[in-house]
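Contents: one structure, followed by commentary.
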Amino acid sequence: MELFDQLMNPVWKTIPAEHKLVLAGNVIRYFVSPLLAVSNVQLAYFQMGGIKTETFTLDIEGERFVFIPGQQEAVLGWDGGTNGLDPLDISSDRKEMYVAIENCLKLSVQGADFLQDNHWMNKKCNPIESMKDLEEMVNSQTSTLRTKTIPPLLVEVHPEYVGMKKMGLYDVISGNFEGKTDWFIHNQQEVRHALMPSKQSSLFFDDFPAHIVHDKQFFLKQNPDLDTYTVYAPYQTNYIHERKKLEKDGLGLLSSDEWEYCCGGSTRRLFRWGNSLQRKLFEPEESHLYQLNMFGLEIGNMGWGPELVEDGYFVKGGWMSIQAENMLEKLLPYSTYYENHNDCLVGKTEEDLPPGYYCARRSIRIEL
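The letter at position 27 of the sequence shown is residue 27 when you use the UniProt record's numbering, and the numbering goes up by one with no holes.
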């Protein structure tokens with residue numbers, strides 16, 4: 001059987017684990033540039049919403065990638081309105097959900113933080129007054145129902161903030177910094193003051209913010225260990241520049257079709273985890289909004305904005321619609337099939353992007 005056929009579902013699912021590793025070696029040999037450092041190839045298993053994937057992961061240039069098998073006739077897009085959703089979940093009378101959202105937003109960076117525009121927070125969406133209005137809103141903001149062939153892919157697990165470069169790690173307890181020390185020497189006072197603005201500040205972990213965007217000078221994001229921060233510095237870029245930067249290394253962006261497949265696995269559900277909108281969505285320890293999906297990707301997750309893709313509106317996914325009153329409308333940017341009209345980059349590919357507002361992930365398309 002040809003290599004390409006074995007990398008497509010449903011054949012891929014029938015292949016023994018040991019042979020999957022052999023195929024991994026062939027994929028790397030024929031489709032990954034020899035100029036890129038590859039290491040740590042291993043089998044991996046992921047699941048979400050009843051969809052299971054046995055695959056392999058690898059490091060390319062020190063960053064984690066996962067192999068996603070292709071699929072013939074993948075059904076993408078959405079025209080089902082609120083079909084499959086519990087009416088109680090999408091009711092506007094869900095006060096416990098709104099409280100949970102407020103608490104959750106304190107833990108996750110949002111688009112307004114990067115735009116540094118208070119007016120963005122105060123914009124109001126037109127109220128949803130009936131179930132018919134809600135269904136029309138969903139269908140108008142999701143992509144057209146269609147069937148596509150998706151090639152096998154190597155996809156970066158975690159996206160990166162566009163216009164934000166990693167400078168290193170800062171330990172708030174010891175005050176040590178690991179990374180680009182030249183940059184830190186010039187910014188250390190501002191970083192320390194941003195984290196502890198008062199000499200009386202407590203050193204208890206809970207007192208430190210989950211993230212800080214400081215006057216377009218740096219962005220600090222707290223890590224799961226709670227006592228270190230990843231430090232980013234902004235730089236000027238646009239869509240065209242980001243595409244060229246990837247292509248120079250033999251990499252690229254996902255297409256809109258590939259992104260939807262990678263996000264939801266071609267399931268007939270509005271969200272990758274299913275159609276339930278419960279309070280646990282805003283509890284990081286349990287929430288699907290923070291977890292890797294059925295392909296092992298952090299995609300369409302809380303804390304990431306619109307992701308660059310190579311066609312269509314040039315973006316998929318987006319920030320939570322904070323201004324919306326209806327729960328479904330708030331969460332629709334996390335839908336597998338969401339079409340982001342507001343952040344569309346058509347006709348704007350040479351304009352500067354707000355640092356950190358967009359994100360991007362690298363991929364390698366495996367095709368003949």
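Heads up, the beta-carbon is just placed ideally off N, CA and C, and yes, glycines get one too.
Asked	Found
Beta carbon of Asp340 nearer than 8 Å to that of Tyr358	Reading off the sequence shown, one finds Asn at residue 340, where the question assumed Asp. For Asn340 and Tyr358, no; Cβs fall outside 8 Å.
3-residue-minimum beta strand (DSSP E) runs that sit fully inside the segment 33 to 78, ordered along the chain	38 to 48, 51 to 60, 63 to 68, 70 to 76
Terminal residues of the alpha helix (DSSP H) in which Thr82 lies	Premise fails: Thr82 is in no alpha helix (DSSP H) and is neither H nor E.
Selection from Val22, Phe4, Tyr98 that minimises the alpha carbon distance to Ile150	Phe4
Cβ pair Gly70, Leu7 closer than 8 Å	yes
As assigned by DSSP and simplified to three states, the class of Lys106	coil
With 16 other Cβ atoms within 10 Å as the buried cut-off, status of Gly296	buried
Of the listed residues Gln188, Thr349, Gly264, Asp133, nearest to Ile240 (C-alpha basis)	Thr349
Which of helix, strand or coil DSSP assigns to Leu179	Residue identity check: residue 179 is Gly in the sequence provided, not Leu. It is a strand residue.
Backbone secondary structure at Met131 - three-state DSSP	helix
Gly168 versus Thr57: straight-line alpha-carbon distance, rounded	24 Å
Length at least 3, wholly inside the segment 328 to 366: the beta strand (DSSP E) runs in chain order	363 to 365
The segment 258 to 274 in contact with the segment 137 to 152 per 3-pair CB rule at 8 Å	yes
Rounded C-alpha distance that separates Ser201 from Ala194	Since pLDDT at Ser201 reaches only 47, below the 50 mark, its modelled position is unreliable, and no value is offered.
Range of the contiguous beta strand (DSSP E) that encloses Gly168	164 to 171
Cβ-based burial, Tyr338 [other Cβ within 10 Å; buried from 16]	buried
Residues bridged to Arg146 [DSSP beta-bridge criterion]	Leu76
Helix, strand or coil at Lys248 [DSSP, three-state]	helix
Any C-beta of chain C under 8 Å from that of Tyr338	Reference to chain C is not applicable here, since this structure consists of a single protein chain.
Other residues of its chain near Gln278: CB distance less than 8 Å, five sequence neighbours each side excluded	Asp89
Cβ contact (3+ pairs, closer than 8 Å) linking the segment 231 to 245 and the segment 163 to 179	yes
Buried or exposed (CB count within 10 angstroms, at least 16 for buried), Glu329	buried
N- and C-terminal bounds of the alpha helix (DSSP H) containing Phe31	17 to 31
Cross-strand partners of Pro209 (DSSP beta bridge)	Answer by DSSP bridge pairing: none, since Pro209 is not bridged.
Whole alpha helix (DSSP H) elements within the segment 230 to 297, 4-residue minimum	239 to 248, 256 to 264
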